[in-house]
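J.: Got a structure for you, questions after.
Protein chains: 4
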Amino acid sequence: MIIVLKPNSSRRDIAAVSAEIKRLGYSPHIMRGVARTVFGAVGDERQHASLESLSAWPQVESVTRIQKRYKLVSREAHPQNSTVTTRGVVIGGPKCVIMAGPCSVESERQLMITAEAVARAGATVLRGGAYKPRTSPYEFQGLGLKGLKLLAKARKATGLAVITELLSEDHVEQVAEYADILQIGARNAQNFQLLIAAAKTGLPVLLKRGLSMKIEEWLLAGEYVLANDNPNLMFCERGIRTFETYTRNTLDLSTIPIIKRESHCPVVIDPSQGGGRADLVAAFCKGSVAMGADALLIEVHPNPAEAWSDGAQQLSLEGFAALMKDLKPFLAAAGRE
Amino acid sequence: MIIVLKPNSSRRDIAAVSAEIKRLGYSPHIMRGVARTVFGAVGDERQHASLESLSAWPQVESVTRIQKRYKLVSREAHPQNSTVTTRGVVIGGPKCVIMAGPCSVESERQLMITAEAVARAGATVLRGGAYKPRTSPYEFQGLGLKGLKLLAKARKATGLAVITELLSEDHVEQVAEYADILQIGARNAQNFQLLIAAAKTGLPVLLKRGLSMKIEEWLLAGEYVLANDNPNLMFCERGIRTFETYTRNTLDLSTIPIIKRESHCPVVIDPSQGGGRADLVAAFCKGSVAMGADALLIEVHPNPAEAWSDGAQQLSLEGFAALMKDLKPFLAAAGRE
Amino acid sequence: MIIVLKPNSSRRDIAAVSAEIKRLGYSPHIMRGVARTVFGAVGDERQHASLESLSAWPQVESVTRIQKRYKLVSREAHPQNSTVTTRGVVIGGPKCVIMAGPCSVESERQLMITAEAVARAGATVLRGGAYKPRTSPYEFQGLGLKGLKLLAKARKATGLAVITELLSEDHVEQVAEYADILQIGARNAQNFQLLIAAAKTGLPVLLKRGLSMKIEEWLLAGEYVLANDNPNLMFCERGIRTFETYTRNTLDLSTIPIIKRESHCPVVIDPSQGGGRADLVAAFCKGSVAMGADALLIEVHPNPAEAWSDGAQQLSLEGFAALMKDLKPFLAAAGRE
Amino acid sequence: MIIVLKPNSSRRDIAAVSAEIKRLGYSPHIMRGVARTVFGAVGDERQHASLESLSAWPQVESVTRIQKRYKLVSREAHPQNSTVTTRGVVIGGPKCVIMAGPCSVESERQLMITAEAVARAGATVLRGGAYKPRTSPYEFQGLGLKGLKLLAKARKATGLAVITELLSEDHVEQVAEYADILQIGARNAQNFQLLIAAAKTGLPVLLKRGLSMKIEEWLLAGEYVLANDNPNLMFCERGIRTFETYTRNTLDLSTIPIIKRESHCPVVIDPSQGGGRADLVAAFCKGSVAMGADALLIEVHPNPAEAWSDGAQQLSLEGFAALMKDLKPFLAAAGRE
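Protein chains in written order, with the working numbering: chain A, 10 to 346; chain B, 10 to 346; chain C, 10 to 346; chain D, 10 to 346.
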């Protein structure tokens, strides 16, 4: 920690800060600058009480952390890439994994048609919302258990692994029974109790970035999963909230190289939520692949114009198949199978 | 709904949109503009399937909602101000209610000293976190049940009503047993399952604005409470996330007149989280009172420099007492008791 | 400056950083932490070459500035409040100054009626745009010189001082001939050549905050004025750009206490641009006065519904007069005349 | 335009709106909805006075524009891609153009070494700042005319075309004498007088996106160039300002498909400013190429650790040469030469 004192602090003020640093288990190093006195406090910030309370002291101007706050998710702790494996699908390995399916599970017919089509086109994971978090209480909230059962049926028919959203601690057992990967949505990305509950299932967890989550906060939310003894974590960028209104969200593709640098966990991109527009999905997929994404999570619907949720951002079956073809040269350029 | 078609749409394209509008239960009104054809779709958007799926149609340029999406929280539905009453404290009435107390409950001594001091200075509600949502798993997570019991003890000693945060569906019964008001924190503001669970207790709910929540989304989150038969809802602004780094958040005081205009529910301001700095609290309180806030939620600690969480934003007991005095002329100017 | 090295930096890497710090004129203080080595570089950061180039070194993790980057605008340099005086109007003194008038000067009749009405209601400065920066080239761009002449005429008739926007270096002489205060608009807040040109006129400069300007950047833009030998600077908050769409901008009233803390220069609030809605102006003015604003800049038009620009945010003459009355108790509460 | 009236508007209120729509030259179409009356106003919004002033009417809830505000930059007006040509370099054609060079021109030696190295590695345009807009008045402001002359010398030696920033109307003639492409920086992106002055030179204009500029505003700023009879416009994304602090800006790569959809003008990406970190440049370039960028604008310096400005984001000569090789398969995948 670096503690900067206000200009003209008295000797007494300075001594008091020094004493407090010691009291909290750190060793203080003083530097007298041109206008300000600065302390470096040496000690493990994750072992001792935080020094941030010092910022409430009248003579203190600022307290700055040096050490990274995350540990288990960090690449320092685990220099090699880690991989997440479920039903034979390896995320974070040489193959870029395609997860595809409808925003919401609506019916057996809708799901089966989609599952077969996406499997044929190259997907290995089926996505589909059974429980849906909706901005308004008057919108379709998902088929619930019925949706989960349909996902299991589609898995049996196609061999696809299943990813679906977990949005309530009360659903953990039920969802964990049917899903292969638990998705934590953007609105629950700092619902820490849910993260802990998801971690404890032992299933792989795909953690979406919150709408206004800083990368450090996202890594720390992931830390909740690993700290609860579940190493099977993936980070999924799905667009952040900015001032721009042309797109629903602003997809932040810089997260691919940044998460790769800071963490060993796989990075997944959701190009459908990312812009909220089907006509941007292909470009986003190409960019993601080129930049090193480990997987893509794409919304596909047999008839987007009649979807019960988020029709505007879902690809048709044909659109998806065409995209899978178009991606091939980019996958090759990126050295992915 | 207003549906704008792309320039040069064919007669056939136009007819198809018209037919779809009818199929979904609306009555289509066509307007042929200079460059574009526009449909107005007349019908209750909360009764019928949404027309937003039309935006997935290739000939459609945009779909714009006319009707407001919220109903029960809106002032159209309930023109008079509504009030929330608990243990004789009325929020939304002529008196501006002061809620004060520590960020976290740390010990009996800390809580009792604070409760007595804030009661003496004019507060009528005691705040204190027993379960704490923390960005990092390595930070203090609150005393839990022990903290709730201390809050109840402080209530008994001082007569203050108690507000505390609910952050897990699994805690609902326990927290509801001890609290008079349930606080839903910013990170859970769109945790809809938690909102429903909180609503079902029948206790007053204070809903903080999410870090990047649009006002419309906030009102819709509140709608989840009223739609679950709990009319005792308060909206609490606590700062939004912007590009500015001088303050932790940007307190959006425009929410006071806006929520008053759009909704009948009381508006509360949290000046402590709002800026994350104790030295801004007094100015925020004065502005909030002048702009018509119904209540203030202020963090107070006997020794902010030793607080276990968020020391930098908590007032000392003396600072709080002085503030209560300073606010008097502003309360009088605003016509508040 | 604080320079943090990457974990496991070699002795040689560390020595190289130390040597570079010395070469650039600073004195290096080393601290060996648990995982990282940290240097404090002591020296005046405004006298020597910046050490920020060190962040390009492979062994360097981060470089953090300790010293404030602004000097002349800072309260450290000038502990007392400074005031700006023009035609007997003192901004930054005991009186809260009201600047009012139309968004754009449209005609002699419109301007004269407005000037007389706002003077009668208590304003002492007349605002009015002669040159208008417009988002689209197809929108009304202002009357130009004709508008300036009308402002001078209105000044003669009413005794009001005149503030108007300067938006081009090519207009400096012309605008300076007619105006008493030069307004630098949000879109030009980091047009440094324009700031220098405005400063050199010696006239008071009102510097609006840019749409996404951090407070530090705003203070540094103001530093351009003082560094060009013009001490007559005012900072004017007019709303920042956030994700919220209910209002055009988010008025950041926290700038009042923050600018007061960091700088000695007066703070002005523009409640009209601030929200872009006339129905929010009264609440913003009350909050601004309560929080300590030195002046208000309010858009007033004899017939807002027919205004040539920004009709939605202008008050009517009656609305303005009523507001002036309503503000009185808040001015009294704030200790302002 | 769509004008939505408030619920319970009287017949008289409705008739008044209808009359005003007619008075302003539009033809009103009325729709009576469930709760609200809505008008569609048919007419060319770029020919008549705006109806936005209607939003100041008490009975009006909202006024929404249907027509796009930009005309000349829009793909509707010019369905084919347009290209910009200078000294034989074609931007917007089959070849992805590489513009590279130092952030600031510092010396003849620095510029010549860089120019030769980037030309050798495949660049065809040389970038280099002679006039620099700097956040603080105490930072290096560029070599000015001397820098321009060095750029011309480097052009002569290497055959590279020259792009440099124009930041003052007073420099237009001088900069236009030496530059082949005028760059308008992010801070001046809505300095409309500067845009007009740049347009009038007839030289190609590269318009960077402002830090908080919506895409519509950016297109409208570009409209100022085309409306002043200069068709040689390029849009350059360089990162927007968001809440994230890991990177200096958030590079919004969605602008590539969006500008391609809305406009016929070429799209350029600045991966150096985009993140403010050299270690992200390669990933950004790969993503940009995959998503269809027409050109890249890359900062390169012989010794980034000693650069006079923005060292942290500049590539070394070797780094740049390696990147050019790495990009080849992605260029091939994107069908670019």
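Glycine included, C-beta positions come from ideal geometry on N, C-alpha and C.
Note that the structure is a prediction, hence the values are computed from the model and not measured.
Check whether the Cβ of R21/B lies closer than 9 Å to any Cβ atom in chain A.
T.: Not closer than 9 Å to any Cβ of chain A, the Cβ of R21/B fails to qualify, so no.
J.: N241/D: buried (16+ other C-beta within 10 angstroms of its C-beta) or exposed?
T.: N241/D comes out buried.
J.: Between which two residues does the alpha helix (DSSP H) holding T259/C run?
T.: Looking at the DSSP string, T259/C is not in any alpha helix (DSSP H), and its letter there is neither H nor E.
J.: Put S281/D into one of helix, strand or coil per three-state DSSP.
T.: Looking at S281/D - three-state DSSP - the assignment turns out to be helix.
J.: Considering just the uninterrupted stretch of the alpha helix (DSSP H) at I249/D, what are its terminal residues?
T.: No alpha helix (DSSP H) holds I249/D; DSSP gives it neither H nor E.
J.: Beta-carbon within less than 7 Å of G52/A's beta-carbon, same chain only, minus the 5 sequence neighbours each way: which residues are those?
T.: G34, Y35, S36, listed in sequence order.
J.: Quick one: residues in its chain with C-beta nearer than 7 Å to the C-beta of L336/B, no 5 flanking neighbours on either side, listed in chain order?
T.: C294, K295, V298, listed in sequence order.
J.: How about L152/A and V114/A: are their beta carbons less than 9 Å apart?
T.: It is a contact, given that the beta carbons lie within the stated cut-off.
J.: Would you please verify whether the beta carbon of I122/B is less than 9 Å from any beta carbon of chain C?
T.: Chain C, which has no Cβ nearer than 9 Å to the Cβ of I122/B, makes this no.
J.: E232/C lies in the alpha helix (DSSP H); which residues open and close that run?
T.: Residues 224-236.
J.: Which class does F329/C belong to by DSSP, given the choice of helix, strand or coil?
T.: Helix, per DSSP.
J.: Among residues of its own chain, excluding the 5 on either side of Q199/B, which ones have a beta-carbon nearer than 8 Å to its beta-carbon?
T.: Same-chain partners within the cutoff: G219, M222, E226, A230.
J.: Is it buried or exposed for N239/D, if we count other Cβ within 10 angstroms and need 16 for buried?
T.: The residue is buried, with at least 16 neighbouring Cβ atoms inside 10 Å.
J.: Using a Cβ-based criterion (distance less than 8 Å to any ligand heavy atom), does E182/C qualify as near the ligand FAD?
T.: By its list of ligands, the structure shown contains no ligand whatsoever, and the ligand FAD lies outside what it can speak to.
J.: Select from S145/D, L204/D, G110/D, R143/D the residue whose C-alpha is nearest the C-alpha of T173/D.
T.: Per the Cα distances, G110/D.
J.: Going along chain A, which residues have a C-beta under 8 Å from L340/B?
T.: Result: empty, since nearest Cβ-Cβ is about 27 Å, beyond 8 Å.
J.: Going by DSSP, what residue range makes up the beta strand (DSSP E) through L14/D?
T.: 11-14 is the span of the beta strand (DSSP E), which, as asked, contains L14/D.
J.: Helix, strand or coil for L324/A? Go by DSSP, reduced to three states.
T.: Here L324/A sits in strand by DSSP.
J.: Thinking G211/A and T256/A are a contact (beta carbons under 8 Å), I'd like their distance in whole angstroms, please.
T.: Incorrect: roughly 36 Å between the Cβ atoms, too far for contact.
J.: Give the straight-line distance between the Cα atoms of S318/B and T259/D, rounded to the nearest whole angstrom.
T.: C-alpha separation (whole angstroms): 31 Å.
J.: On the criterion of 16 or more Cβ atoms from any shown chain inside 10 Å, does A28/C qualify as buried, or is it exposed?
T.: By the 10 Å Cβ count, A28/C comes out exposed.
J.: Is the beta carbon of I12/C sitting closer than 9 Å to the one on F48/C?
T.: Yes.
J.: Please list, in chain order, the chain D residues whose beta carbon lies closer than 7 Å to that of T254/A.
T.: The contacting residues are K223.
J.: Measuring CB to CB, does G101/C end up less than 9 Å from N90/C?
T.: Yes, the pair counts as a contact, with Cβ atoms nearer than the cut-off.
J.: Compare the beta carbon distance of I193/B and L228/B with 9 Å and say whether it is the shorter of the two.
T.: No.
J.: Under 9 Å, do T251/D and I249/A count as touching if we go by C-beta distance?
T.: Yes.
J.: Output, in sequence order along the chain, the residues in the region 162-186 of chain A whose CB is closer than 7 Å to any CB in chain B.
T.: Those residues of the region 162-186 of chain A that come within reach of chain B (Cβ to Cβ, closer than 7 Å) are L176, S177, E178, D179.
J.: If we count the other Cβ atoms within 10 Å of its Cβ and call it buried at 16 or more, is N197/B buried or exposed?
T.: That one is buried.
J.: Quick check on A24/A: buried or exposed, where buried means 16 or more other Cβ atoms within 10 Å of its Cβ?
T.: So A24/A ends up on the exposed side.
J.: Is the beta carbon of A287/D closer than 9 Å to that of S65/C?
T.: Going by the sequence as given, residue 65/C is Ala instead of Ser. Yes, they are a contact pair.
J.: May I have the straight-line CA-CA distance separating K271/A from S83/A, to the nearest angstrom?
T.: Inspection of the sequence shows that residue 271/A is occupied by Glu rather than by Lys. E271/A and S83/A: Cα-Cα distance of roughly 6 Å.
J.: If you drop the 5 nearest sequence neighbours on each side, which residues of the same chain put their C-beta closer than 7 Å to that of S18/D?
T.: Taken in chain order, the residues that qualify are T46, Q68.
J.: With DSSP run on the structure shown, which of helix, strand or coil describes L131/B?
T.: Checking the sequence shown, residue 131/B turns out to be Gly, not Leu. Correct three-state label for G131/B: coil.
J.: What does R136/A pair with, by DSSP beta-bridge criteria?
T.: R136/A is bridged to I172/A.
J.: Got a sec: is the Cβ-Cβ distance from N200/C to anything in chain D below 9 Å?
T.: Interface residue, yes.
J.: What is the DSSP secondary structure of A316/B, reduced to helix, strand or coil?
T.: In the structure shown, A316/B sits in coil (DSSP, three-state: anything other than H, G, I, E or B).
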